[in-house]
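This report refers to the structure that appears directly beneath it.
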Amino acid sequence: MKRTQIPQSCKLGEGVVIEEGVQLGENVQIGHYTVILADTIIGENTNIGSHSVLGCQPYKNKRVKHDVSKQSPLVIGKGCKIGQHAVIYAGTELADEVLVGDMASIRENTAIGEATVIGRNAKVECRTTIGKGCMIQTGAYITADMIIEENVFIGPEVSTSNDKYMGRKPVALKGPHIKKGVTIGNNATLLPEITLGEYAVVGAGAVVTKDVPGHRTVAGVPARIINRKGDSK
Amino acid sequence: MKRTQIPQSCKLGEGVVIEEGVQLGENVQIGHYTVILADTIIGENTNIGSHSVLGCQPYKNKRVKHDVSKQSPLVIGKGCKIGQHAVIYAGTELADEVLVGDMASIRENTAIGEATVIGRNAKVECRTTIGKGCMIQTGAYITADMIIEENVFIGPEVSTSNDKYMGRKPVALKGPHIKKGVTIGNNATLLPEITLGEYAVVGAGAVVTKDVPGHRTVAGVPARIINRKGDSK
Amino acid sequence: MKRTQIPQSCKLGEGVVIEEGVQLGENVQIGHYTVILADTIIGENTNIGSHSVLGCQPYKNKRVKHDVSKQSPLVIGKGCKIGQHAVIYAGTELADEVLVGDMASIRENTAIGEATVIGRNAKVECRTTIGKGCMIQTGAYITADMIIEENVFIGPEVSTSNDKYMGRKPVALKGPHIKKGVTIGNNATLLPEITLGEYAVVGAGAVVTKDVPGHRTVAGVPARIINRKGDSK
């Protein structure tokens, strides 16, 4: 039988549930009623708010096709900060010093790089990789099967997608590939399979339907390259 | 006094609250700290995650006009899957095999058809009907007084509305009518009172201001009919 | 040592956590598992749902610049209604009769005026002021350092921003200034630093890139003034 380790240096709130096989590092702090599901591994000095649920297994009904086999344990690095009401799935790995905002959710088979911020209410779907030092702002929607490289800024309420037939035909799902240093304004919409080149900038509210070369700024619906003016708004 | 029935085959997590009058079918499973409010009826083989709240009564302040009289019980069908942190109101009925994602919310006087998916963080307002086999993706906003027929696909972060005066004049609220087989791309915006005909397709990021005929594809701001090209992106 | 006051007229659900220094007025009602963090002050006749977390202190990682010094207590007025899974930070003040929807979040150093509605899943960031009688609809994103005057209507899923360089250059953050009586349609996008004049109207899905004069209606991407036709859609 797997034993749960709770070092004496950890501080747990009221009613915290620690299921079997969980491993907590030194000085982990957990708020009230947070639930740590079976086998989750949490690094030292990580802080978690109240009412979060960590280590969920995927589920589906007959309308959904994705894999719901049992996932490997959720691994959370050292010195991470996780807010209230966050939901993070098994099969995922958060590097050190990641911040996960209140009510953010991160699905299975996802990797989040060092010191990246997953903002309040942001939603990260399965099989997605996010590099280090990224800022995924409040309410952004990061689809499944997407690659985000390092130091990317994704503004509030940005929306992405990975299925060009939107369920009408079978197709391999592929989200956008966002290269390092890209900046995306609030409420922009990204279509499936596009690539945003290094340090590209997408204006607020733009609908990006095709690839954007590196170091260029696009805006509008559909998004077009606009002249750069020192400050690219 | 109404007695609460908990069959021996049910499996409840830590601290689950079952208020009086609740009826649970055989083999219902409920995660930690989920709250089942008074009189809720849950069908057999339904699975519910942690921290959900089911069977809420509506509330308001003086800025809000809607009816807050006591609702009939929430009825959840057989074989449903409900995630973590979901909130579902009384006066609503979920058919069998419905999936409700993490942090999704469904208001009173709503009916959800068989095997439909209400995605993670999706919000369904009151007095709305959603047919069977629909996919309401992550973060979509489904307004009150709206009709969605069967086998509709609503992409992530799609937004709808039901008040053409946006509160400036009294008007009967009426959301869009979305006919069967419609497909709507991510972050599209739908105005009140429009009808999307059967199997219409709305592009990602489109702003749909008027009716769309059946089997046509629209895109842009405002949305216009575009030539169909085999793949309608 | 600070003592927690719980008047006999208050009604608390299962497992409610009341940390030290909390002050509750007469007839406060609190649902199951709601957490009231240290020093929070709640006025009489206020009603709170299940699983909310009130009085959080801010946190950050090294990718984030904002101030995380200890905030003064959260103050909630009389006769407020707060839903399920709401998260409200310390350093903030809600006037009387405010309604906060399910899963809404309000950050530190924010003031919400009398009888204003912060809708379900709406997100209000720090250092923002919202006047009385406003309606912030479901899922709207209200950025930090923003001013919203009285009787403003912000539609569902509206998005705002406060950093014209989107993190690429140091700049004083400044969100939009929305004057009294403004109406904003669903899923509109507002850029930083703009002013919307009194009783201006923004169409659904518009992207507003510059100031809008009072009593004018704008729509489109980018938003332009359109002729007013009695009903301004």
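Chains as they are written, first to last, in UniProt numbering: chain A, 1 to 233; chain B, 1 to 233; chain C, 1 to 233.
Using N, Cα and C, we set each Cβ at its ideal position, and we do this for glycine too.
What span of residues does the beta strand (DSSP E) with residue i cover, start to end?
| i | result |
| --- | --- |
| C:T217 | T217 to A219 |
| A:G55 | V53 to C56 |
| B:Y199 | Element bounds for B:Y199: n/a, residue is neither H nor E. |
| C:I6 | Taken as a continuous stretch (DSSP letters only), C:I6 belongs to no beta strand (DSSP E), as it is neither H nor E. |
| C:Y89 | V87 to Y89 |
| C:R224 | R224 to I226 |
Report the residue from the options whose alpha carbon sits nearest the alpha carbon of residue i.
| i | options | result |
| --- | --- | --- |
| B:E149 | B:R107, B:V207, B:A104 and B:K132 | B:K132 |
| C:L24 | C:G15, C:H32 and C:G43 | C:G43 |
| B:P156 | B:A111, B:V202 and B:K179 | B:V202 |
| B:E93 | B:H85, B:V100, B:E108 and B:V75 | B:V75 |
| C:T4 | C:I36, C:I30, C:Q29 and C:P176 | C:I36 |
| C:A95 | C:K169, C:T46 and C:G13 | C:T46 |
| B:N186 | A:V22, A:T160, A:L196 and A:K62 | A:T160 |
| C:R120 | C:E97, C:T128, C:G83 and C:A111 | C:G83 |
| A:V171 | A:R107, A:I18, A:K65 and A:E114 | A:K65 |
| A:P176 | A:N151, A:A204, A:V68 and A:V212 | A:V212 |
| C:V117 | B:T40, B:Y59 and B:G15 | B:Y59 |
| A:H85 | A:K78, A:I184, A:V100 and A:G77 | A:V100 |
| C:I41 | C:N151, C:N61, C:K11 and C:A90 | C:A90 |
| A:E19 | A:C56, A:A144, A:R127 and A:V98 | A:C56 |
| C:V68 | C:I136, C:C126 and C:I106 | C:C126 |
| A:K78 | A:E97, A:I88 and A:K62 | A:E97 |
| B:A204 | B:M135, B:L190 and B:M103 | B:L190 |
| A:G167 | B:I184, B:D102, B:I178 and B:I88 | B:I184 |
| C:Q8 | C:V22, C:G21, C:V28 and C:G15 | C:V28 |
| A:T129 | A:I226, A:N109, A:I194 and A:V17 | A:N109 |
| A:V152 | A:C10, A:A115, A:S52 and A:V208 | A:A115 |
| B:G15 | B:C80, B:G31 and B:G21 | B:G31 |
| A:I88 | A:R216, A:R107, A:V22 and A:D39 | A:R107 |
Would you say residue i reaches chain C, if we count a Cβ-Cβ gap shorter than 8 Å as a contact?
| i | result |
| --- | --- |
| B:G15 | yes |
| A:G205 | yes |
| A:G91 | no |
| A:G220 | yes |
| A:E198 | no |
| B:T195 | no |
| A:K81 | yes |
| B:N61 | yes |
| A:E20 | no |
| B:H215 | no |
| B:C56 | yes |
| A:H177 | no |
Answer with yes or no whether the minimum CB distance from residue i to chain A is below 8 Å.
| i | result |
| --- | --- |
| B:N162 | no |
| B:Y33 | yes |
| B:V64 | no |
| C:G167 | yes |
| residue 252 of chain C | Shown here, chain C extends from 1 to 233; a query on residue 252 of chain C therefore has no answer. |
| residue 261 of chain B | Outside the displayed span of chain B (1 to 233) sits residue 261 of chain B, for which this structure offers no information. |
| C:L94 | no |
| C:T189 | yes |
| B:T4 | no |
| B:N27 | no |
| C:C10 | no |
| B:A122 | no |
| C:H85 | yes |
| B:A104 | no |
How close, in whole Å, do the beta carbons of residue i and residue j come, if the pair is a contact with beta carbons under 8 Å?
| i | j | result |
| --- | --- | --- |
| C:A206 | C:V221 | 7 Å |
| A:P192 | A:K164 | 5 Å |
| C:K123 | C:I142 | 7 Å |
| B:G13 | B:S50 | 6 Å |
| A:Y33 | C:Y33 | 6 Å |
| B:D102 | A:S105 | 6 Å |
According to DSSP, what are the bridge partners of residue i?
| i | result |
| --- | --- |
| A:K169 | Paired residue(s): none; A:K169 is not in a bridge. |
| B:K11 | B:Q29 |
| C:A111 | C:E93 and C:T129 |
| B:I123 | One detail in the question is off: residue 123 of chain B reads as Lys in this sequence, not Ile. Looking at the DSSP assignment, B:K123 forms a beta bridge with B:S105 and B:Y141. |
Is residue i close to chain B? Criterion is C-beta to C-beta, closer than 8 Å.
| i | result |
| --- | --- |
| C:N47 | yes |
| A:T128 | no |
| A:N109 | no |
| C:A223 | no |
| C:L99 | yes |
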